[in-house]
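Q:
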Amino acid sequence: MNLEEKKKITLSLIETFNKASQVALDLRGAGLKKEIKSDNTPVSNGDIEVNKILTSKIQEITPNIPIVSEESTNHKMDNDLNTFWLIDPIDGTKDYINNRDEFTLNAALILDKKPAIGIITVPAKKRVFYSYGLSHSYELINNQEISLMNKEKNYVGHTAVSYSNDLKPEILEIHKKYKISSFQKMKSSLKFCVIAAGEFDMYVAEPRACEWDIAAGHAILEHSGGKVTDFNYNEILYGKTEFKNPSLILKSKNIL
284 MNLEEKKKIT LSLIETFNKA SQVALDLRGA GLKKEIKSDN TPVSNGDIEV
334 NKILTSKIQE ITPNIPIVSE ESTNHKMDND LNTFWLIDPI DGTKDYINNR
384 DEFTLNAALI LDKKPAIGII TVPAKKRVFY SYGLSHSYEL INNQEISLMN
434 KEKNYVGHTA VSYSNDLKPE ILEIHKKYKI SSFQKMKSSL KFCVIAAGEF
484 DMYVAEPRAC EWDIAAGHAI LEHSGGKVTD FNYNEILYGK TEFKNPSLIL
534 KSKNIL
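Whatever position you read off the sequence shown (first residue = 1), add 283 for the working numbering.
1. For A492, which residues in the same chain have their Cβ closer than 7 Å to its Cβ, ignoring the five residues on either side in sequence?
2. Where G386 and D378 are concerned, what is the direct C-alpha to C-alpha distance, given to the nearest angstrom?
3. Between Y521, E456, K436 and L450, which has its C-alpha nearest Q395's C-alpha?
4. Let me know if A499 comes out buried or exposed under the rule of 16 or more other beta-carbons within 10 Å of its beta-carbon.
5. Is Y379 helix, strand or coil when you go by DSSP?
6. Decide yes or no for the touch test of the segment 285-292 against the segment 415-431: beta carbon pairs closer than 8 Å, at least 3 of them.
7. Exposed or buried, what is M360 when buried is set at 16 or more other beta-carbons lying within 10 Å of its beta-carbon?
8. Could you check where the alpha helix (DSSP H) with F514 kicks off and where it finishes?
9. Please list, in chain order, all residues of the same chain as V326 whose beta carbon is under 8 Å from its beta carbon, the five residues on each side excluded.
10. Contact check, I463 vs A443 under 8 Å by CB: the rounded distance?
11. Where do the ends of the beta strand (DSSP E) carrying F466 lie?
12. Between E494 and F526, is the Cβ-Cβ spacing less than 8 Å?
13. Taking all protein chains shown into account, do 16 or more other C-beta atoms lie within 10 angstroms of the C-beta of R383, making it buried, or fewer, making it exposed?
14. Assign I424 to one of two classes, buried (16 or more other C-beta atoms within 10 Å of its C-beta) or exposed (fewer than that).
Written as structure tokens, this is what we have:
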């Protein structure tokens, strides 16, 4: 799949993502219906409805590419996927349910086990991010496409985002290596986006969550000039057993 084909697919999905984002907010405003899944994580009617909207449009655009979604059982037992979609209809469901603003909608196209397209919207913050190739990573601001390659830092020193305020020693050691002066707790795949946008420099996490939580953000960050590896600085590939993540180090282009 060439760059123009990936661009066409990506741009054809933006309107659908914006529609799904508004549906997510409207359903929350009306009062969500919540359940607890077998893995003891929450799900709402908002997650399910957004999943329907995104998967329907993606199937229409790329009918021959399988879709793996957090909120569906399809293809989750496959162990030979090379080209497929990874969807997390709402990442940060707890924040979504509890009326917070960091939840995201996510889709990534995986080609040869690597993220080739990434789309993330942050409905409550009205932010839209997408990418479809190296140097083609963008934020849509007031309907203007702003390249993340050209976003400059507006702060001194190196800062990080984290999933907790209480970080493990091995993570703090990596922070020390890269001269991280402060860190801020942040939920969902928004972490990838703010690093790609030059608002933070790093995120470090031990193995946790699943591939659909990180694939879209991985594409957006890497296409902005950043880097995503495990703790041993190995490249992260997709389609692993049970779609489990390894450890993660996200770095902006400012600290490579």
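For every residue, glycine included, the Cβ atom is placed at its ideal position computed from N, Cα and C.
In this text the structure is predicted, and so the values were computed from the model without any measurement.
A: If we stick to the structure as given:
1. Indexing the sequence shown from 1 puts residue 492 at position 209. Excluding sequence neighbours, A492 sits near N528.
2. The residue labelled residue 386 in the question sits at position 103 within the sequence shown. The residue labelled residue 378 in the question sits at position 95 within the sequence shown. The sequence shown places Phe at residue 386, not Gly. Whole-angstrom Cα-Cα distance: 6 Å.
3. For the purposes of this step, residue 395 is taken as residue 112 along the sequence shown, with counting starting at 1. Sequence inspection shows Asp at residue 395; the Gln mentioned does not correspond to that position. Considering only alpha carbons, the answer is Y521.
4. As a first step, residue 499 is located in the sequence shown; it is residue number 216 there, counting from the start. Buried.
5. Mapped onto the sequence shown, residue 379 falls at position 96. Reduced to three states, the DSSP call for Y379 is helix.
6. Verdict: yes, contact present.
7. Here residue 360 refers to the residue found at position 77 when the sequence shown is read from its first residue. So M360 ends up on the exposed side.
8. On the sequence shown, position 231 is the one that residue 514 refers to. Segment: none, F514 is in no alpha helix (DSSP H) and carries neither H nor E.
9. Taking the sequence shown and counting its residues from 1, one reaches residue 326 at position 43. If we look at V326 and ignore the five residues flanking it on each side, its Cβ neighbours are K317, E318, I319, K320, E354 and T376.
10. Taking the first residue of the sequence shown as position 1, residue 463 is located at position 180. Taking the first residue of the sequence shown as position 1, residue 443 is located at position 160. 5 Å between Cβ atoms; contact.
11. Translated into positions along the sequence shown, residue 466 becomes position 183. That run of the beta strand (DSSP E) goes I463 to K468.
12. Mapped onto the sequence shown, residue 494 falls at position 211. Mapped onto the sequence shown, residue 526 falls at position 243. Yes. Within cutoff.
13. Reading the sequence shown from its first residue, position 100 is the one you call residue 383. Exposed, by the Cβ-count rule.
14. Position 141 of the sequence shown holds residue 424. The residue in question, I424, is exposed, as its Cβ has fewer than 16 Cβ neighbours within 10 Å.
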